[in-house]
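Colleague: Protein sequence lines, in the order shown, are assigned to chains F and V. Each residue of the first sequence is one higher than the one before, counting from 1 in the working numbering. Each residue of the second sequence is one higher than the one before, counting from 153 in the working numbering.
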Amino acid sequence: MSGTSRKRVRSQALGLLAAALLLTSPGCGDLSNDELNRGVESLSALAAQGQLVANGVARDATKTTYARAMARTLGEEAEHEAEKLADATLEESETEDQRHAAVAVAGEISDLLSELQTFPGDERHGELVEKHLEEAQEKADAIVAQLSGDAP
Amino acid sequence: MKTILKIALGIIAAIGGFLDIGDLVFTTQAGALFRYDLLWAVVLGVLGIGVYAEMSGRVAAVSGRPVFDVIRMRMGFGIGLVALVASTAINLLTVAAELGGIAIVLELLLDAPYSMFVVTAAIALVLIVALLPFGGIERIFGYGGLLLFVVVATVFHQNPDWGDVAHGFVPSLDSSALYLYFVVGVFAATLMPYEVHFYSSGAIEEGWTEQNLKENRLNAILGYGIGGILAVALVIVSGYLFHPIGVEPSDLGTVALPMQGAFGETGLLLALGGILFCVGGAAIDSSFAASYNLAQFLGWEWGRYQGPRKAPRFTASWLVFLAIGVAVAQSGINPVEITEYSVVFSVVALPLTYLPVLLIAGDRSFMSDFANGRIATFLGWLYFAVIVVLALAAVPLLLITNGGGG
Numbered sequence: 001m002s003g004t005s006r007k008r009v010r011s012q013a014l015g016l017l018a019a020a021l022l023l024t025s026p027g028c029g030d031l032s033n034d035e036l037n038r039g040v041e042s043l044s045a046l047a048a049q050g051q052l053v054a055n056g057v058a059r060d061a062t063k064t065t066y067a068r069a070m071a072r073t074l075g076e077e078a079e080h081e082a083e084k085l086a087d088a089t090l091e092e093s094e095t096e097d098q099r100h101a102a103v104a105v106a107g108e109i110s111d112l113l114s115e116l117q118t119f120p121g122d123e124r125h126g127e128l129v130e131k132h133l134e135e136a137q138e139k140a141d142a143i144v145a146q147l148s149g150d151a152p
Numbered sequence: 153m154k155t156i157l158k159i160a161l162g163i164i165a166a167i168g169g170f171l172d173i174g175d176l177v178f179t180t181q182a183g184a185l186f187r188y189d190l191l192w193a194v195v196l197g198v199l200g201i202g203v204y205a206e207m208s209g210r211v212a213a214v215s216g217r218p219v220f221d222v223i224r225m226r227m228g229f230g231i232g233l234v235a236l237v238a239s240t241a242i243n244l245l246t247v248a249a250e251l252g253g254i255a256i257v258l259e260l261l262l263d264a265p266y267s268m269f270v271v272t273a274a275i276a277l278v279l280i281v282a283l284l285p286f287g288g289i290e291r292i293f294g295y296g297g298l299l300l301f302v303v304v305a306t307v308f309h310q311n312p313d314w315g316d317v318a319h320g321f322v323p324s325l326d327s328s329a330l331y332l333y334f335v336v337g338v339f340a341a342t343l344m345p346y347e348v349h350f351y352s353s354g355a356i357e358e359g360w361t362e363q364n365l366k367e368n369r370l371n372a373i374l375g376y377g378i379g380g381i382l383a384v385a386l387v388i389v390s391g392y393l394f395h396p397i398g399v400e401p402s403d404l405g406t407v408a409l410p411m412q413g414a415f416g417e418t419g420l421l422l423a424l425g426g427i428l429f430c431v432g433g434a435a436i437d438s439s440f441a442a443s444y445n446l447a448q449f450l451g452w453e454w455g456r457y458q459g460p461r462k463a464p465r466f467t468a469s470w471l472v473f474l475a476i477g478v479a480v481a482q483s484g485i486n487p488v489e490i491t492e493y494s495v496v497f498s499v500v501a502l503p504l505t506y507l508p509v510l511l512i513a514g515d516r517s518f519m520s521d522f523a524n525g526r527i528a529t530f531l532g533w534l535y536f537a538v539i540v541v542l543a544l545a546a547v548p549l550l551l552i553t554n555g556g557g558g
């Protein structure tokens with residue numbers, strides 16, 4: 001192989017590598033409907049997990065350190081999801097309303113988990129947080145239904 | 153009587169030490185996403201590790217050669233080096249994930265910063281290894297891991313639809329990429345290469361000879377087999393509690409939630425304690441496996457029984473691997489994510505570990521009367537075929553599913 005062909009092959013390989021990196025890097029490019037859907041599903045899953053932790057607090061059936069650390073971790077994940085959704089550019093502008101609603105739900109979940117983190121030994125707070133997280137999950141599920149065209 | 157007791161204790165330790173962070177993560181996620189549908193993949197993996205652990209233990213007991221020695225002898229320097237680099241990289245990721253796992257459990261129990269516990273965990277492991285004999289280390293973590301039988305109790309407390317559970321043991325045909333990714337993950341988490349590296353080197357550490365072949369067989373078949381019940385139970389409790397409400401477990405702490413639901417704080421503490429011993433034991437096993445491999449490949453003196461004076465390079469490499477594990481665990485990457493990558497990439501390296509073991513264990517000129525019989529040969533090649541298929545599928549599935557994120 002001549003020097004020129006070798007250079008061409010190398011630059012083509014680098015181009016392919018760069019394209020592959022761009023395609024696989026998280027956070028690059030616009031947010032597709034599917035990705036938005038997955039983000040909202042993650043919020044629903046976080047709210048469900050939070051309910052189980054809050055249920056332990058409400059029943060006085062957990063350890064406060066566990067409830068606090070779990071609430072902190074899940075809250076951080078909800079916050080991260082909110083930032084991701086808020087920062088991304090949508091591929092389809094007609095889903096803008098759903099994106100706004102999802103960011104609001106993420107904030108709501110994060111706030112509720114923050115409350116649980118502050119009062120991990122308070123049964124009354126546990127009960128309230130569990131109830132509100134259930135409502136937040138319902139909202140997230142409703143957004144998912146709208147995005148997938150299943151909403152009435 | 154003494155021998156029977158010794159064998160029984162070994163089996164119990166193998167049961168308790170069966171699970172590591174990879175099993176905990178993949179089985180819980182598999183249950184949450186697919187309910188009981190992947191139970192068959194757990195059973196497939198448990199039988200596979202039983203078959204290969206028995207072979208590697210037998211080779212070690214008969215020939216005095218551990219797995220990595222066999223790899224270099226049978227595959228030559230070049231392929232041996234590739235196997236060494238691949239398995240060291242995977243072992244380091246595993247060490248980091250297990251250290252991260254210990255830190256997460258301590259954070260959940262004591263509510264102090266995660267980063268502090270990573271270093272504390274590493275120091276505790278160094279002290280344990282320095283102060284306890286090899287058998288003692290294995291047994292402490294093995295017996296502690298038995299706390300996870302609270303998961304089995306949770307299954308009976310939940311009392312799931314047993315017909316649905318039974319149906320999960322029949323392989324189902326779901327062609328979605330995510331389902332296939334979890335088949336690979338659940339299977340690979342059970343057959344992590346460090347397990348056989350550690351098992352066979354441990355056999356030599358404990359001075360096994362042909363006299364110990366019965367013990368080897370019982371440890372590998374009964375110990376791993378009954379240990380597999382824990383993995384099956386994790387899928388069931390997760391499928392029962394998480395699947396209907398859409399929980400996607402992304403944290404190690406989530407694994408303990410079903411036990412809290414069933415038995416309150418006691419269930420939670422037993423589960424967290426069991427997880428702590430399992431990931432602690434696996435941190436030692438995987439870090440030792442990395443040092444065993446390096447020392448055996450380069451022909452250094454090796455072995456915990458030799459002590460730092462007789463095997464200084466082995467001891468130093470163990471400390472270096474542990475330090476690298478600490479650095480990776482401290483990097484801020486979620487240990488669950490590190491686990492997922494280490495498990496999936498380990499599949500790619502599985503053939504390099506298991507083929508030499510299979511070839512040597514079946515070689516009559518080397519193993520004489522102790523070579524593989526018909527059943528071991530059949531199962532060994534059957535599993536090797538499965539391993540090759542999964543090794544080819546692992547990385548594409550990881551990319552298609554965005555690391556299991558769907």
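Quick reminder that beta carbons are idealized off the backbone N, C-alpha and C, glycines included. Note that the coordinates shown come from a computational prediction; the quantities given were computed from them, not determined experimentally.
Against SER93 (chain F), what residues of chain V qualify as contacts under a CB-to-CB distance less than 7 Å, listed in chain order?
Modeller: Those do not exist, as SER93 (chain F) stays about 24 Å from chain V at its closest Cβ, beyond 7 Å.
Colleague: Runs of 4 residues minimum, wholly inside the segment 386-452 of chain V: which ones carry the alpha helix (DSSP H) assignment?
Modeller: Within the segment 386-452 of chain V, the complete alpha helix (DSSP H) runs of at least 4 residues are 409-450.
Colleague: Does any residue of chain V bring its CB to less than 7 Å from the CB of SER207 (chain F)?
Modeller: Since the first residue of chain F shown is 1 and the last is 152, residue 207 (chain F) is not available in this structure.
Colleague: Could you name the residues of chain V that GLU77 (chain F) contacts, counting a contact when the two beta carbons are closer than 9 Å?
Modeller: Simply SER402 and ASP403.
Colleague: Near ALA475 (chain V), what residues of its chain come up, given a Cβ to Cβ distance below 8 Å and the 5 sequence neighbours on each side ignored?
Modeller: For ALA475 (chain V), where only same-chain residues beyond five positions count, the Cβ hits under 8 Å are ALA274.
Colleague: At the 7 Å Cβ level, is GLU417 (chain V) part of the contact set with chain F, yes or no?
Modeller: GLU417 (chain V) counts as touching chain F.
Colleague: Would GLU412 (chain V) count as contacting chain F if we go by Cβ distances under 7 Å?
Modeller: In the sequence under discussion, the amino acid at residue 412 (chain V) is Gln, which differs from the Glu named in the question. Closer than 7 Å to some Cβ of chain F, the Cβ of GLN412 (chain V) qualifies, so yes.
Colleague: Contact between the segment 344-358 of chain V and the segment 496-512 of chain V is defined here as three or more beta-carbon pairs at a separation below 8 Å; is this criterion met?
Modeller: Because the criterion of three Cβ pairs below 8 Å is met, the segment 344-358 of chain V and the segment 496-512 of chain V touch.
Colleague: If you drop the 5 nearest sequence neighbours on each side, which residues of the same chain put their C-beta closer than 6 Å to that of LEU534 (chain V)?
Modeller: Cβ neighbours of LEU534 (chain V) beyond the five flanking positions: none.
Colleague: Leaving out five residues before and five after ILE143 (chain F) in sequence, what residues of the same chain have Cβ atoms less than 6 Å from its Cβ?
Modeller: Only VAL40, GLN98, ALA101 and ALA102 meet the Cβ criterion.
Colleague: Whose Cβ in chain V lies nearer than 8 Å to the Cβ of GLN158 (chain F)?
Modeller: It is not possible to answer for residue 158 (chain F), since the shown part of chain F is limited to 1 through 152.
Colleague: How far does the alpha helix (DSSP H) with TYR188 (chain V) in it reach, from first residue to last?
Modeller: Run containing TYR188 (chain V): none; DSSP gives neither H nor E here.
Colleague: Tell me the residue span of the alpha helix (DSSP H) that contains SER239 (chain V).
Modeller: First-last of the alpha helix (DSSP H) with SER239 (chain V): 219-262.
Colleague: Write down the C-beta distance between ALA355 (chain V) and GLY209 (chain V) rounded to the nearest angstrom, noting that I regard them as a contact closer than 8 Å.
Modeller: That pair is a contact at about 5 Å.
Colleague: Between the segment 410-422 of chain V and the segment 61-80 of chain F, are three or more C-beta pairs nearer than 8 Å?
Modeller: Touching, yes.
Colleague: Considering only DSSP beta bridges, list what LEU31 (chain F) is partnered with.
Modeller: For LEU31 (chain F), which the question treats as bridged, DSSP gives the partners F:LEU90.
Colleague: Taking Cβ positions only, does VAL399 (chain V) come closer than 7 Å to chain F?
Modeller: Yes, VAL399 (chain V) lies at the interface with chain F (some Cβ there is under 7 Å from its Cβ).
Colleague: Looking at PHE293 (chain V) and the ligand MN, is the gap between the Cβ and the nearest heavy atom below 6 Å?
Modeller: Within the structure as shown, the ligand MN is missing, as the structure has no ligands at all.
Colleague: Given that LEU52 (chain F) touches chain V, what residues does it touch there, using C-beta distances under 9 Å?
Modeller: Chain V residues near LEU52 (chain F): LEU393, PHE394, ILE397, VAL399, THR406, LEU409, PRO410, GLN412 and GLY413.
Colleague: Would a check of beta-carbon distances place SER114 (chain F) closer than 7 Å to chain V?
Modeller: Chain V, which has no Cβ nearer than 7 Å to the Cβ of SER114 (chain F), makes this no.
Colleague: Starting from the beta carbon of ASP263 (chain V), find every residue of chain F whose beta carbon is closer than 7 Å, and list them in chain order.
Modeller: Those are THR65, ARG68 and ALA69, listed as they occur along chain F.
Colleague: Mind checking if GLU259 (chain V) is an interface residue toward chain F, Cβ cutoff 7 Å exclusive?
Modeller: Yes, contact with chain F.
Colleague: Would you kindly work out how many angstroms separate the C-alpha atoms of VAL304 (chain V) and THR406 (chain V), rounded to a whole number?
Modeller: Between VAL304 (chain V) and THR406 (chain V), the C-alpha separation is close to 17 Å.
Colleague: Strictly below 7 Å CB to CB, what residues from chain F border LEU191 (chain V)?
Modeller: Those do not exist, as LEU191 (chain V) stays about 22 Å from chain F at its closest Cβ, beyond 7 Å.
Colleague: Who are the neighbours of LEU420 (chain V) on chain F, taking C-beta pairs under 9 Å?
Modeller: Ordered by position in chain F, the residues that pass the 9 Å Cβ test against LEU420 (chain V) are GLY56, ALA61, THR62, LYS63 and TYR66.
Colleague: Identify whether GLN49 (chain F) lies in helix, strand or coil by the three-state DSSP scheme.
Modeller: GLN49 (chain F): helix per DSSP, three-state reduction.
Colleague: Find the residues of chain V that neighbour THR73 (chain F), judging by a C-beta separation of less than 8 Å, and give them in chain order.
Modeller: Within 8 Å Cβ-Cβ: ASP403 and GLY405.
Colleague: Looking at the unbroken alpha helix (DSSP H) that takes in THR467 (chain V), where does it start and where does it end?
Modeller: Element bounds for THR467 (chain V): 464-481.
Colleague: DSSP on ALA273 (chain V), reduced to helix/strand/coil?
Modeller: Three-state DSSP puts ALA273 (chain V) in a helix.
Colleague: Identify the continuous alpha helix (DSSP H) that holds ALA372 (chain V) and give its terminal residues.
Modeller: Here ALA372 (chain V) belongs to no alpha helix (DSSP H), and DSSP marks it neither H nor E.
Colleague: What residue range is occupied by the uninterrupted alpha helix (DSSP H) comprising ILE292 (chain V)?
Modeller: Unbroken alpha helix (DSSP H) run through ILE292 (chain V): 286-297.
Colleague: List the residues of chain V whose Cβ lies closer than 7 Å to the Cβ of ALA48 (chain F), in chain order.
Modeller: Those within 7 Å of ALA48 (chain F) in chain V are ILE397, GLY398 and VAL399.
Colleague: What's the gap between the Cα of GLY245 (chain V) and the Cα of ALA441 (chain V)?
Modeller: The identity of residue 245 (chain V) in the sequence shown is Leu, whereas the question assumes Gly. One C-alpha to the other measures close to 12 Å.
Colleague: What are the boundary residues of the alpha helix (DSSP H) that GLY354 (chain V) is part of?
Modeller: GLY354 (chain V) -> alpha helix (DSSP H) spans 345-357.
Colleague: Considering only the alpha carbon of each residue, which of V:PHE449, V:PRO460, V:PHE286 and V:LEU544 lies closest to ILE231 (chain V)?
Modeller: Comparing Cα-Cα distances from ILE231 (chain V) to each of V:PHE449, V:PRO460, V:PHE286 and V:LEU544, the minimum goes to V:PHE449.
Colleague: Taking only beta carbons into account, state which residues of the segment 34-46 of chain F come closer than 8 Å to chain V, listed in chain order.
Modeller: Listed by position along the chain: ARG38, GLU41, SER42, SER44 and ALA45.
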